[in-house]
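> Could you have a look at this structure, given as structure tokens, before my questions?
Residue numbers (this note's numbering): 21 to 401.
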């Protein structure tokens, strides 16, 4: 599952450090270039629920395996995109195809791991996401500096194929999966039950706001650091994404914190950490900006691991659909807020961007405090 999470984020966000270069090469604006990330996130958001329905019917393991293999092939194809529109189409298809893995992953963890190990297992899976996102971005930036962005995306696709091979060979078969009928009536009934839950819709909102702020920050960080007085090169900007190591550690740590203090008592603290880091990026010295991004990254990944694990815990037998709804909100936030962030950047550069993202973080904190007062569910969570 760590390998699957690694490959997913490496392929999905491989274009993020290349946005300034793609804008120049294709003659498009910064906001348009950011669509190479937003289109992939939109494809993910749209296909997560269909992916969860298929996984409920056919099984978690085969859906995840096929999704990862097909996504790796599409990632290779993006390296040969003849124009910007073709690149956007391939990136959107990549997002739609890869949706099968995250759509089933949280349900697989919820079914195959003991209850007292689920928080740590989810933390490790999210840590794979963080490490993959970091590695994909850094490798893409480095190879672009020494070769070209096409070579960089081709290598990311090749790494995706290797990860798919390892995933196919190593993922244990499901032992506790029970097929569920994929009828419209059942899906509609389950969706209603999920949205009637006292906590799940609010957890979906934290995903939308938190991920939107996270993607918005990283989408335009490169544009800021290319400008004076920093003038960083592509590799140096890519090295900023090594801060994802902080996210890897935070995701794993969040599981232990949840076991010790409870998710409801930890989530709002991590959102507060996000806000502190965002505020710090308003400073001018480069080292303070990097420190702020690192603190923000720590808070985001810890909060995401806590919230996603909480969804699987509260949803019970509907965990596949609930996880898909959570992740749909997550990637919809990346697409919508990530795109709106482009307008905020154009209007007010970093100050305008942080104002928008600050509102997102404040709203997330308000939701987390509301969740702190959430009545206990039947499973005690």
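Just so it is clear, CB atoms sit at the ideal spot from N, CA and C, and this is done for glycine as well.
Please state if the CB of residue 362 and the CB of residue 275 are separated by a distance shorter than 9 Å.
Taking 9 Å as the Cβ cut-off, residue 275 and residue 362 do not qualify as a contacting pair.
> Starting from residue 123, follow the alpha helix (DSSP H) in both directions and report where the run begins and ends.
Here the alpha helix (DSSP H) through residue 123 covers 120-132.
> If you count every other CB in all the chains shown that lies within 10 Å of the CB of residue 208, and 16 or more means buried, which is it?
Per the 10 Å Cβ criterion, exposed.
> Can you tell which of 215, 226 and 289 has its C-alpha closest to the C-alpha of residue 351?
Of the candidates 215, 226 and 289, the one whose C-alpha sits nearest the C-alpha of residue 351 is 226.
> Is it the case that the Cβ atoms of residue 216 and residue 394 are separated by a distance below 9 Å?
Not a contact, by the Cβ cut-off of 9 Å.
> Out of curiosity, what's the CA-to-CA distance linking residue 24 and residue 289?
Going from the Cα of residue 24 to the Cα of residue 289 covers about 29 Å.
> I'd like to know whether the C-beta atoms of residue 153 and residue 176 end up nearer to each other than 9 Å.
Their beta carbons are not under 9 Å apart, which means residue 153 does not touch residue 176 by this criterion.
> Is there a Cβ of chain B sitting closer than 9 Å to that of residue 196, yes or no?
Looking at the structure shown, chain B is missing, and only one protein chain is on hand.
> If you follow the alpha helix (DSSP H) that residue 56 is in, where does it begin and where does it stop?
First-last of the alpha helix (DSSP H) with residue 56: 55-78.
> Which class does residue 21 belong to by DSSP, given the choice of helix, strand or coil?
Reduced to three states, the DSSP call for residue 21 is coil.
> Among the residues of its own chain, which have a CB less than 7 Å from the CB of residue 139, if the five just before and after it don't count?
275, 278, 279 and 329.
> Who are the near neighbours of residue 60 in its chain, counting only those whose CB is closer than 7 Å to its CB and skipping five residues on each side?
The answer, listed in chain order, is 32, 111, 112, 114 and 115.
> What does the alpha-carbon distance come out to for the pair residue 249 and residue 89?
Approximately 43 Å between the Cα atoms of the pair.
> So which of 307, 311, 102 and 118 has the shortest CA-CA distance to residue 28?
Nearest C-alpha to residue 28: 118.
> With a cut-off of 8 Å on the beta carbons, I'd call residue 132 and residue 196 a contact; round off their distance for me.
Right, the Cβ-Cβ distance comes to about 6 Å (below 8 Å), so this counts as a contact.
> Can you grab the Cα-Cα spacing for the pair residue 386 / residue 214, in whole Å?
Computed Cα separation, rounded: 21 Å.
> Measure the beta-carbon distance from residue 292 to residue 374 and round it to whole angstroms, keeping in mind my assumption that it falls under 8 Å.
Not confirmed; about 16 Å, so no contact.
> Of all the options 331, 294, 340 and 130, which has the alpha carbon lying nearest to the alpha carbon of residue 379?
The residue with the shortest Cα to Cα distance from residue 379 is 294.
> What is the rounded straight-line gap between the Cα of residue 340 and the Cα of residue 239?
Cα to Cα, residue 340 sits roughly 30 Å from residue 239.
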